[in-house]
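Student: Residue numbers (UniProt numbering), protein chains in the order written: chain A, 1 to 220; chain B, 1 to 220. From the three backbone atoms N, C-alpha and C, an ideal C-beta is built for every residue, glycine too. The structure displayed is predicted, hence computed values, not measured ones. If you scroll down you'll find the structure; I have some questions about it.
Number of protein chains: 2
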Amino acid sequence: MEEKEISKAVIRRLPRYYRYLGELMESGVERISSNELSERMRVTASQIRQDLNNFGGFGQQGYGYNVKYLYDEIGRLLGLDKKHNVIIIGGGNLGQALANYPAFEKRGFIVKGIFDINPKLSGRTVRGIPIMPMEQMEEFIRENDIQIATLTLPKTSATEVADQLISYGVRAIWNFAHTDLNVPEGVMVENVHLSESIMRLSYNLTRYEEEHKSGKKEKK
Amino acid sequence: MEEKEISKAVIRRLPRYYRYLGELMESGVERISSNELSERMRVTASQIRQDLNNFGGFGQQGYGYNVKYLYDEIGRLLGLDKKHNVIIIGGGNLGQALANYPAFEKRGFIVKGIFDINPKLSGRTVRGIPIMPMEQMEEFIRENDIQIATLTLPKTSATEVADQLISYGVRAIWNFAHTDLNVPEGVMVENVHLSESIMRLSYNLTRYEEEHKSGKKEKK
DNA sequence: TAGATTGTTAATCGATTAACAATC
DNA sequence: TAGATTGTTAATCGATTAACAATC
Numbered sequence: 001m002e003e004k005e006i007s008k009a010v011i012r013r014l015p016r017y018y019r020y021l022g023e024l025m026e027s028g029v030e031r032i033s034s035n036e037l038s039e040r041m042r043v044t045a046s047q048i049r050q051d052l053n054n055f056g057g058f059g060q061q062g063y064g065y066n067v068k069y070l071y072d073e074i075g076r077l078l079g080l081d082k083k084h085n086v087i088i089i090g091g092g093n094l095g096q097a098l099a100n101y102p103a104f105e106k107r108g109f110i111v112k113g114i115f116d117i118n119p120k121l122s123g124r125t126v127r128g129i130p131i132m133p134m135e136q137m138e139e140f141i142r143e144n145d146i147q148i149a150t151l152t153l154p155k156t157s158a159t160e161v162a163d164q165l166i167s168y169g170v171r172a173i174w175n176f177a178h179t180d181l182n183v184p185e186g187v188m189v190e191n192v193h194l195s196e197s198i199m200r201l202s203y204n205l206t207r208y209e210e211e212h213k214s215g216k217k218e219k220k
Numbered sequence: 001m002e003e004k005e006i007s008k009a010v011i012r013r014l015p016r017y018y019r020y021l022g023e024l025m026e027s028g029v030e031r032i033s034s035n036e037l038s039e040r041m042r043v044t045a046s047q048i049r050q051d052l053n054n055f056g057g058f059g060q061q062g063y064g065y066n067v068k069y070l071y072d073e074i075g076r077l078l079g080l081d082k083k084h085n086v087i088i089i090g091g092g093n094l095g096q097a098l099a100n101y102p103a104f105e106k107r108g109f110i111v112k113g114i115f116d117i118n119p120k121l122s123g124r125t126v127r128g129i130p131i132m133p134m135e136q137m138e139e140f141i142r143e144n145d146i147q148i149a150t151l152t153l154p155k156t157s158a159t160e161v162a163d164q165l166i167s168y169g170v171r172a173i174w175n176f177a178h179t180d181l182n183v184p185e186g187v188m189v190e191n192v193h194l195s196e197s198i199m200r201l202s203y204n205l206t207r208y209e210e211e212h213k214s215g216k217k218e219k220k
């Protein structure tokens with residue numbers, strides 16, 4: 001009845017909670033209070049409690065949170081309790097690097113195939129994953145229950161390929177191309193714009209240098 | 001006198017403005033109003049005007065914004081008018097993929113060297129960029145005016161290596177390792193946590209599926 | 001039970017949007 | 001000049017933090 005819409009800001013933080021809880025588990029910590037966690041993560045305890053309460057009462061008064069339980073619950077929210085079949089479009093350096101990344105498999109993201117316009121790459125494999133020509137994409141998606149497509153190709157072809165992918169039934173696009181995709185309702189896009197990321201770093205570096213240039217500038 | 005602190009949200013948007021303005025330039029557009037740009041970028045015109053005004057009056061009443069001028073100004077803010085020397089720590093797949101990325105060079109980010117703990121990689125090159133052993137890092141940083149270090153190595157060594165880099169004078173870290181870095185004031189960190197990114201995608205996909213499962217669920 | 005800590009409401013802060021006077 | 005569009009102030013919205021009653 002009451003659809004409590006969860007804000008993007010909260011969702012953005014979920015994977016980070018998951019990471020910290022995983023580390024706590026590894027070091028054998030069984031329970032943790034929002035206060036302790038807040039010190040480790042450098043966020044307020046209030047925010048932690050607010051965030052978690054969006055999804056239900058995961059804690060217990062007077063006790064705190066059970067680390068394993070909370071870890072599993074957040075994992076479930078993030079869809080990490082299920083396998084997701086992934087394809088990578090674009091078999092260049094970045095595409096191959098992602099295909100080679102074992103950590104994704106551990107979290108349930110299984111790379112099933114790589115597609116590239118370059119016919120010379122066809123037939124090769126990366127970590128046992130076949131590189132195939134674009135023509136086989138549709139059949140492959142339909143037959144292998146592919147939910148997520150990773151776009152590691154030039155922006156010039158990204159839009160067109162994304163449209164194809166969606167028409168073949170892909171519901172989620174992990175977009176590394178330097179362009180924004182317009183997708184219909186019900187299709188998810190997560191952008192990784194690396195060039196924008198390094199520009200933000202460059203901005204901060206430049207601002208800092210400007211403010212501190214010519215040695216130590218005395219503050220009046 | 002009045003230090004107008006610019007919010008992180010604004011800075012996050014700057015590179016995207018830059019991208020759109022670059023595309024407008026390429027297609028020969030000379031001027032644009034906040035209204036037109038807002039339609040293309042799917043943000044409000046009000047936000048565009050507010051954002052840009054943080055940095056000064058880039059527009060002109062009755063006319064709008066000169067595309068080339070605005071592009072250059074934002075580029076300058078982002079520090080793209082200067083060259084930045086970059087090293088990559090970790091010569092694995094991702095490190096090599098970034099080294100191979102020509103778009104960075106175009107923006108003034110010059111990869112000068114790659115460092116890896118694996119001595120077998122030493123002496124090899126990627127796109128003419130030498131891979132060197134970690135022992136040479138300090139000297140290389142000091143002699144080549146390195147400002148930015150890219151961390152593409154396992155989280156287990158990331159913290160330690162970051163500390164080293166900072167002590168050698170690196171002021172900005174582009175962190176791809178799955179961990180948060182604690183750095184002193186004056187050192188910039190930009191995180192690219194790919195596993196968190198794909199988890200957000202997975203979250204949205206999973207939520208959407210839950211809401212629409214068992215075919216079309218009628219809404220009362 | 002007493003102490004601890006959550007869940008949750010209320011207060012504050014910041015960011016976005018709307019409105020319009022300034023001005024090209 | 002009249003029309004267009006910015007720069008900027010005010011209003012709204014949303015997110016974070018503080019506070020505390022509920023409860024384990």
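1) Which of the three DSSP states is assigned to L133(B) in this structure?
2) Using only CA atoms, which one of K8(A), E5(A), R207(A) lies nearest to A172(B)?
3) Roughly how many angstroms separate the alpha carbons of T152(B) and I48(A), rounded to a whole number?
4) Are N204(A) and M188(B) close, meaning C-beta to C-beta below 7 Å?
5) Leaving aside the five residues before and after G108(B) along the sequence, list all residues of the same chain whose C-beta is less than 7 Å from its C-beta, in chain order.
6) So, is Y18(B) buried or exposed, given that buried needs 16 or more other C-beta atoms within 10 angstroms?
7) Taking DSSP's pairing of strands, which residues face T125(B) in a bridge?
8) Residues of chain A with CB closer than 8 Å to the CB of F109(B), please, in chain order.
9) If I measure Cβ to Cβ from N100(B) and keep anything under 7 Å in the same chain, skipping five residues before and after, which residues do I get?
10) Would you call T44(B) buried or exposed, if buried means 16 or more other Cβ atoms sit within 10 Å of its Cβ?
11) For the segment 164–171 of chain A against the segment 174–191 of chain B, are there 3 or more C-beta pairs whose distance is under 8 Å?
12) Name, please, each residue of chain A whose Cβ falls closer than 7 Å to the Cβ of K79(B).
13) Would DSSP call F104(B) helix, strand or coil?
14) With which residues is L151(B) paired in a DSSP beta bridge?
15) Determine which residues share a DSSP beta bridge with R31(A) and list them.
16) From L194(A) to L70(B), what distance separates their C-alpha atoms?
17) Roughly how many angstroms lie between the CA atoms of G62(A) and L77(A), to the nearest whole one?
18) The segment 126–138 of chain B: which residues have C-beta closer than 8 Å to a C-beta of chain A, in chain order?
19) Using the three-state DSSP reduction, which class does V183(A) fall into: helix, strand or coil?
20) Within the continuous beta strand (DSSP E) that includes N53(A), where are the two ends?
21) With G56(A) and S33(A) assumed to form a contact (beta carbons below 8 Å), what rounded beta-carbon distance in angstroms separates them?
22) Would you say P15(B) lies against chain A (beta-carbon separation less than 7 Å)?
23) At what residues does the alpha helix (DSSP H) containing K8(B) begin and finish?
24) Ordered along the chain, which non-local residues of its own chain (more than five positions away) have a Cβ less than 8 Å from that of N118(B)?
25) I need the DSSP call for D163(A), collapsed to helix, strand or coil.
26) Taking 7 Å as the threshold (beta carbon to beta carbon), is R31(A) in contact with chain B?
27) So which residues on chain A does L94(B) lean against when the C-beta distance must stay under 7 Å?
28) For P130(B) and N93(A), what's the separation of their Cα atoms in angstroms?
29) If you drop the 5 nearest sequence neighbours on each side, which residues of the same chain put their C-beta closer than 8 Å to that of G215(A)?
30) Spell out whether any CB of chain B is found under 7 Å from the CB atom of G169(A).
31) Spatial neighbours of residue 259(B) within its chain, please: C-beta separation below 8 Å, excluding the five flanking residues on both sides.
32) Classify N191(A) as helix, strand or coil using the three-state DSSP reduction.
33) Find the residues of chain A that neighbour M188(B), judging by a C-beta separation of less than 8 Å, and give them in chain order.
34) Determine whether the beta carbon atoms of L121(A) and E190(B) lie at a separation below 7 Å.
35) Considering only the beta carbon of each residue, do I89(A) and F58(A) sit closer than 7 Å?
36) Three-state secondary structure (DSSP) at I117(B)?
Tutor: Judging by the given coordinates:
1) Rather than Leu, the amino acid found at residue 133(B) in this sequence is Pro. If DSSP states are grouped into helix, strand and coil, P133(B) belongs with the strands.
2) R207(A)
3) A straight-line Cα-Cα distance of about 29 Å links T152(B) and I48(A).
4) Yes, these two residues count as a Cβ contact at 7 Å.
5) L80, K82, K83, H84
6) Burial state of Y18(B) is buried, judged by a 10 Å Cβ sphere holding 16 or more other Cβ atoms.
7) Paired residues: P130(B).
8) I198, S202
9) V126, R127
10) exposed
11) no
12) Residue identity check: residue 79(B) is Gly in the sequence provided, not Lys. In chain order: S202, Y203, L205, T206.
13) F104(B): helix per DSSP, three-state reduction.
14) As computed with DSSP, L151(B) is found in a beta bridge with I89(B), N175(B).
15) Answer by DSSP bridge pairing, in chain order: N66(A).
16) 22 Å
17) 25 Å
18) none
19) coil
20) Here N53(A) belongs to no beta strand (DSSP E); instead the alpha helix (DSSP H) covers 45–53.
21) With a Cβ gap of about 18 Å, G56(A) and S33(A) do not count as contacting.
22) yes
23) 8–26
24) These residues qualify, in order along the chain: G91.
25) helix
26) Not one chain B Cβ lies under 7 Å of R31(A).
27) A97
28) 17 Å
29) Caution applies to G215(A), whose pLDDT of 49 falls short of 50 and renders its modelled position unreliable; the value that the coordinates give is listed next. None.
30) no
31) Outside the modelled stretch of chain B, which goes from 1 to 220, sits residue 259(B), for which no answer is possible.
32) DSSP places N191(A) in strand when its eight states are reduced to three.
33) L201, N204, L205, Y208
34) no
35) No, the Cβ-Cβ distance between I89(A) and F58(A) is not below 7 Å.
36) coil
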